[in-house]
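Participant:
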């Protein structure tokens, strides 16, 4: 089970090394680089390809296969969350606060949805139908505010 403390590394290379070590992994340059890329995205949901491209832009050389392997290691250790947003692509984020995702079916914009909001939905569903919602991440498709307004 994951620790309730923040998974995001604090600023600084030493803190990132400690975060990785505390998760039971060796703090390799590759793990440090991948974790730094995801940490700098401020909540974006990056695919492995996105991470690889950002590493290349920063003049870091890393094979795609290494990026995939490091993402798997960091996810398995609980430092990253793997999410699927309905497009068939695995994406990764640091989830300091557990949440679900709402995805616009028109433009692909993604919004984080609080656990509290989902609990309210789950309680209503159970009250009305007896259905008990599982613990898996919930994906809510619909229209973002911009697309909903442009539709009118």
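In this note's numbering, the protein residues as written are 1177 to 1328. Glycine included, each C-beta is placed from N, C-alpha and C at the ideal position. All values reported here derive from a predicted model rather than from experimental measurement.
#1: Given that a residue counts as buried once 16 or more other Cβ atoms are within 10 Å of its Cβ, and exposed if not, what is residue 1308?
#2: Given this structure, state the Cα-to-Cα distance separating residue 1278 from residue 1297, to the nearest angstrom.
#3: Who are residue 1278's beta bridge partners in DSSP?
#4: May I ask you to report which of helix, strand or coil DSSP gives residue 1217?
#5: Report the rounded CA-to-CA distance for residue 1276 versus residue 1205, giving the unit in angstroms.
#6: Within the continuous alpha helix (DSSP H) that includes residue 1265, where are the two ends?
#7: May I ask which residues mark the beginning and end of the alpha helix (DSSP H) holding residue 1233?
#8: By DSSP, does residue 1258 sit in helix, in strand, or in coil?
#9: Could you tell me which residues DSSP puts in a beta bridge with residue 1269?
#10: Rounded to a whole number of angstroms, what is the C-alpha to C-alpha distance between residue 1178 and residue 1254?
#11: Leaving out five residues on either side along the sequence, give the residues of the same chain with a beta carbon under 8 Å from the beta carbon of residue 1236.
#12: Starting from the Cα of residue 1268, find the closest Cα among 1304, 1284, 1250 and 1285 and give me that residue.
#13: Tell me the rounded alpha-carbon separation between residue 1258 and residue 1305.
#14: Check each candidate in 1263, 1256 and 1226 and name the one with the smallest Cα separation from residue 1283.
#15: How many angstroms separate the CA atom of residue 1256 from the CA atom of residue 1321?
#16: Please state if the CB of residue 1246 and the CB of residue 1207 are separated by a distance shorter than 7 Å.
Facilitator: Taking the coordinates as given:
#1: Locating residue 1308 in the chain shown gives position 132, counting from the first residue. In this structure residue 1308 is exposed. Its beta-carbon is surrounded by fewer than 16 other beta-carbon atoms within 10 angstroms.
#2: Your numbering for residue 1278 matches position 102 in the chain shown. Your numbering for residue 1297 matches position 121 in the chain shown. Roughly 14 Å between the two C-alpha positions.
#3: For the purposes of this step, residue 1278 is identified with residue 102 of the chain shown, where counting begins at 1. Here residue 1278 is bridged, per DSSP, to 1287 and 1316.
#4: By one-based count along the chain shown, residue 1217 stands at place 41. In the structure shown, residue 1217 sits in coil (DSSP, three-state: anything other than H, G, I, E or B).
#5: Here residue 1276 refers to the residue found at position 100 when the chain shown is read from its first residue. Here residue 1205 refers to the residue found at position 29 when the chain shown is read from its first residue. One C-alpha to the other measures close to 31 Å.
#6: Numbered from its first residue, the chain shown carries residue 1265 at position 89. First-last for residue 1265: undefined, no H or E at that position.
#7: Translated into the one-based positions of the chain shown, residue 1233 becomes position 57. From DSSP, the alpha helix (DSSP H) with residue 1233 extends over 1224-1233.
#8: Residue 1258 sits at position 82 when you count from the first residue of the chain shown. Here residue 1258 sits in strand by DSSP.
#9: For the purposes of this step, residue 1269 is identified with residue 93 of the chain shown, where counting begins at 1. Looking at the DSSP assignment, residue 1269 forms a beta bridge with 1257.
#10: Translated into the one-based positions of the chain shown, residue 1178 becomes position 2. Translated into the one-based positions of the chain shown, residue 1254 becomes position 78. The predicted model places residue 1178 with a pLDDT of 36, which falls under 50 and marks its position as unreliable, so this point remains unresolved.
#11: Position 60 of the chain shown holds residue 1236. Only 1209 meet the Cβ criterion.
#12: For the purposes of this step, residue 1268 is taken as residue 92 along the chain shown, with counting starting at 1. That would be 1250, whose Cα lies nearest to the Cα of residue 1268.
#13: In the chain shown, the residue the question calls residue 1258 occupies position 82. In the chain shown, the residue the question calls residue 1305 occupies position 129. Each residue's alpha carbon lies about 30 Å from the other.
#14: Position 107 of the chain shown, counted from the first residue, corresponds to residue 1283. Of 1263, 1256 and 1226, the residue nearest in Cα terms is 1263.
#15: The sequence position of residue 1256 within the chain shown is 80, counting from 1. The sequence position of residue 1321 within the chain shown is 145, counting from 1. Going from the Cα of residue 1256 to the Cα of residue 1321 covers about 28 Å.
#16: If you number the chain shown from 1, residue 1207 lands on position 31. If you number the chain shown from 1, residue 1246 lands on position 70. Yes.
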